[in-house]
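Residue numbers (the numbering used here), protein chains in the order written: chain A, 17 to 283; chain B, 17 to 283; chain C, 17 to 283; chain D, 17 to 283; chain E, 17 to 283.
Here's what the structure looks like:
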């Protein structure tokens, strides 16, 4: 187990993960308002921004597009995923082996776990296999820790999120991606429950710029280690502007107000 | 991963796949109107036409008949399939391993995925295994991407078809065979959602010649890479005439009108 | 894949398979009217008749009794089977591996597939494994192709039987054992649907001699390659007489009338 | 396959199996009336009696206590078993691999099969694995053949018991342990249905001495090869007396009357 | 199988197991009243107390924190576990392989079995694998033997607990952790049913000091080998005081009264 801070997906102890597995999880309609982003190359281009520490994609996308970007982007292979056409109790197919992730050049692997689902036991066991194989290759493991299903009423409740991060610690993740629990205090509590596991916020659907950046500021203030972004970046006409703002909030400790005032001085 | 355009199942970037797995999927009644086609050799003979880039059959047929045609036809081994006697939630048995496909001389492998079915997770995981083993042998992978089952209301809706092609891209297919979504525009949108994955139209049941060729024309106009045909070819008394027409529409860019006027000058 | 006609279970292109797996499938009551046949040796003795090309038994019987008959009888190891105490949706346990069949000296393997059952997908996949391993040992594969279960209304309808033989072809069997579809024409149609796969009729329960032999005559007239017999042979006091009749109908092309008139000249 | 009569679990063609897996199957309450028998050593001690050919226990007991008795007792490792706290359709967990049984010094392996249960197919397949691995080590295989579950109305009916022994023959057992079907005639019929497989009676719960020994006499008169005993031995204050009686009935062909009169001359 | 008394998790034949898998089983709220214990290091520190013979944690916690304590604490890797967000019939995911436990430096492995649950068969079979692999590495196996689920009405009834320990013996555990059955007599009976397996009491939720220590005294008086503690230790402000008391009761045979009077001389 190499120190996670030395990993290619971490910069100064922080993680900004650009997620682009929406084509599988939601379908290509997520790209409809910015149609040049149907082409995965366009999103890989965005991932070359300094603020982004890694891009998370499914195997098919990685295999086909990552070779052109391997010098400029670190790759987090998302190993499981499922379409939203399927409507059963939450589960996720394992679409890539660790060995294939290594062959394609992944710097880390990602895995979703739906604690509380009727598939919890099976998903934990799949995670075990992934985790133990990833350790053989010194690949960091990122857990998308999303309590969901028959056993979960509120997936952003503070107690749910703090349980989610603890599960990541107990099962062996290096980084965990969780929902924002609604306040700095709740996020700080979750960070404390995580022990040495890095906690990053899941970005979610596109929101207004100020609202989004304020939440990022709160996440960083809570002691978390960064965030995952997807639609909040590549659904914008100008993703670079937003990534410049994240650079300042995540790595330089600035506030959302400061960043936006400076950018819009007469605002 | 070798470039798909260099593969034996592609000609000038196009794919015309002659499908003959109907004996398993529908039963031999599909051959009843042209009884000499009960004999798979007769369909393999048709597949020697230049317009056909590959023939797709199940293992039993390939093992027994392909040896006589291996110099003249490229083989796409269809790895899964199921009878229509069984009426459960859509699923498909894996009837051939990649290793056996290689032994029999396959140039590519094909696999059906029913996204939206209660077996989606299992089928994705079977696809993963097939895909990763096929990569070891540099065999292209063709996904029959057919959303179907409890989660799918309309399997030819534009949004369903564009999701279907995207799933093929996300999971790693080189070529995907999908339903025609009803218009050039919807097909062009699907092609865009597919990224670099080749999109071909699934032929479906036998229709009138002009209607069928017009659809093929629309598919090519939409930027797709070809089509799969079965009943529209081998259920006709003269399949050669139809394949000659496909040659002109798919590879030479002619229109259905042009092809049929030229063939029936007084029509 | 060696030519099936060169196999030890075929004589002059024909197969007469003596089946004795009834102890598992039905229980020993099938032997009750001829109690010396409780002893498997007695049935193996019958199988030494020239008309019989192979005997089909389960592993336990083969392991214990075949060593005494291996010079005189060819062995078809029936690899799956189930008791009739169990009353679920049709399925069959895999009771013997191909490797063990080889160790015991099998000349071929047999496998039941219930297409239309909720276990169709699982049984096809088990068949795949059996088939692919059998190929490694050049063992012919005989499929008991019996559509049955939730998806099947009439298991002897001509369309069901022709689908059954086609499934055997599609999945890779060398010989298929199917129900008699009721007429020479329907049987001939099934034979045509089978391509190069050998089709043999399943004998079924004991019937009157003339009725049974007339059906065999019809089967041969339809172009099929023989039959499986069990109760119609070993439930008779004099099985040799019946096997002599089969010799003449199957291999010498005589009619049931001719055979019975010759045997009972004053009848 | 070595001749079963040469095996360490057989004496003069007979088997007297001392069963002590009740701690798992029923719980320790079976030992409550003879509390020194909570200690497995006490039952192993009993098994050193000459009349006993083997002791059947679960892995945990074997691993811990057999080393002290390996020179004096032959070991039959019972490979599956389940608690009676669980109340589902009959099934049994596989608690020991054949390899571990060999490591611990087993002379044979035992396996329960519940034909007629919804788990029949699964249990047959587990039996196949056990059987084929046991053959590699020349270990005899004893089948506890107990039809039970949704498909079975009367588990001691003569037809049920004769089917049970036949299943043992068909699937490859060397010895089968079955319920007593109620009469010498029914037991003799079952023995006939078993072919060369050794048939032993399952002892069941503790009964009066005369009743128990009379049943054993009937079993031997029927041509069976012995019995399994558990509670009828180790639930008695003086198990040696009963084993002395079994010695005379099983091996010396005496009657229960003779044995009891001789022991109780004034009775 | 090395003698359990020579193992690193045993001291003078006794086991005091400090459990800290609550973050997975219950969520981090168990640590809320003593917030510095969110940090696993704080609990590992407590485990360095002489009274503690081993600490039981999940893989993720072990991998990350055990390296700093490996000279001072012996490690019992808990191999399965599940969140309480999931509310199905009792089951537990296998979160760590034996091989990984060995790599991390485990001195023993622990496994929960829910006898009586619909998952009993599956859990027994998972236990078998764990047990047989642990034997290859000479790692002691501790069974959390907790009858629970559809088949169990009262999980602390004396008959349930004595069955629980017997299952541990039958399946091969070296130590078993069970609920306290309510009295010295019932505990003594359970100890007797366990044969040579070491029996330790499961600590359960935090109770008043005198009540807890009295129960420990009863457990030791019953002949058991110690206890597992978790919340009763690390939920107290001063866990050392309690561990000092356990030292005297478990290892020195003192009474709860004596220990508490001596500590609170004026009480």
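The beta carbon of each residue, even a glycine, is placed where N, CA and C say it ideally should be.
Residue-chain proximity (residue i, chain B), Cβ-Cβ < 8 Å
i: residue 77 (chain C); result: no
i: residue 93 (chain A); result: no
i: residue 295 (chain C); result: In the structure as shown, chain C starts at 17 and stops at 283, and residue 295 (chain C) therefore has no counterpart that could be examined.
i: residue 146 (chain C); result: no
i: residue 45 (chain A); result: yes
i: residue 267 (chain C); result: no
i: residue 80 (chain A); result: yes
Cβ separation of residue i and residue j, assumed to be a contact under 8 Å, to the nearest whole Å
i: residue 31 (chain E); j: residue 60 (chain E); result: Going by Cβ atoms, the distance from residue 31 (chain E) to residue 60 (chain E) rounds to 18 Å, so no, they are not a contact pair.
i: residue 137 (chain A); j: residue 69 (chain A); result: Not a contact, Cβ separation roughly 32 Å.
i: residue 40 (chain E); j: residue 183 (chain A); result: 6 Å
i: residue 121 (chain D); j: residue 80 (chain C); result: Contact flag wrong, Cβ pair sits at about 27 Å.
i: residue 129 (chain C); j: residue 159 (chain C); result: 6 Å
C-beta neighbour in chain A for residue i, strict 8 Å
i: residue 283 (chain E); result: For residue 283 (chain E), the predicted model reports a pLDDT of 43, less than 50, meaning its position is unreliable and no value from the coordinates is stated.
Cβ of residue i within 8 Å of any chain C Cβ
i: residue 87 (chain B); result: no
i: residue 167 (chain D); result: yes
Under the three-state DSSP convention, the category residue i falls into
i: residue 85 (chain A); result: coil
i: residue 116 (chain D); result: helix
i: residue 187 (chain A); result: helix
i: residue 218 (chain B); result: strand
i: residue 96 (chain B); result: strand
i: residue 159 (chain B); result: strand
i: residue 164 (chain E); result: coil
i: residue 27 (chain D); result: strand
i: residue 68 (chain A); result: coil
i: residue 39 (chain E); result: helix
i: residue 76 (chain A); result: helix
i: residue 272 (chain C); result: helix
i: residue 200 (chain C); result: helix
i: residue 34 (chain C); result: strand
i: residue 50 (chain E); result: coil
i: residue 223 (chain E); result: coil
Contact check, residue i vs residue j, beta carbons under 8 Å
i: residue 191 (chain D); j: residue 161 (chain D); result: no
i: residue 150 (chain D); j: residue 178 (chain D); result: no
i: residue 36 (chain C); j: residue 73 (chain C); result: yes
i: residue 93 (chain C); j: residue 126 (chain C); result: yes
i: residue 99 (chain B); j: residue 132 (chain C); result: yes
i: residue 203 (chain C); j: residue 245 (chain C); result: no
i: residue 24 (chain D); j: residue 266 (chain D); result: no
i: residue 225 (chain E); j: residue 262 (chain E); result: no
i: residue 189 (chain C); j: residue 217 (chain C); result: no
i: residue 269 (chain C); j: residue 248 (chain C); result: no
i: residue 230 (chain B); j: residue 272 (chain B); result: yes
i: residue 50 (chain A); j: residue 250 (chain A); result: yes
Beta carbon proximity, residue i to chain D, threshold 8 Å
i: residue 196 (chain E); result: no
i: residue 128 (chain C); result: no
Below-8 Å beta-carbon distance, residue i vs any chain H residue
i: residue 270 (chain B); result: Annotation note: the requested chain H is absent from the structure, which comprises protein chains A, B, C, D and E.
Closer than 7 Å: residue i CB and nearest the ligand ADP heavy atom
i: residue 151 (chain C); result: Looking at this structure, you won't find the ligand ADP or any other ligand, since it has none at all.
- [ ] With 9 Å as the limit, tell me which residues of the region 106-124 of chain B have their beta carbon closer than that to any beta carbon of chain A; keep them in chain order.
- [x] none
Task: Against chain D: residues of the region 170-189 of chain C by CB proximity under 7 Å - done: none
Open item on the list: Any C-beta of chain B within less than 9 Å: which residues of the region 207-228 of chain A qualify?
Closed with: none
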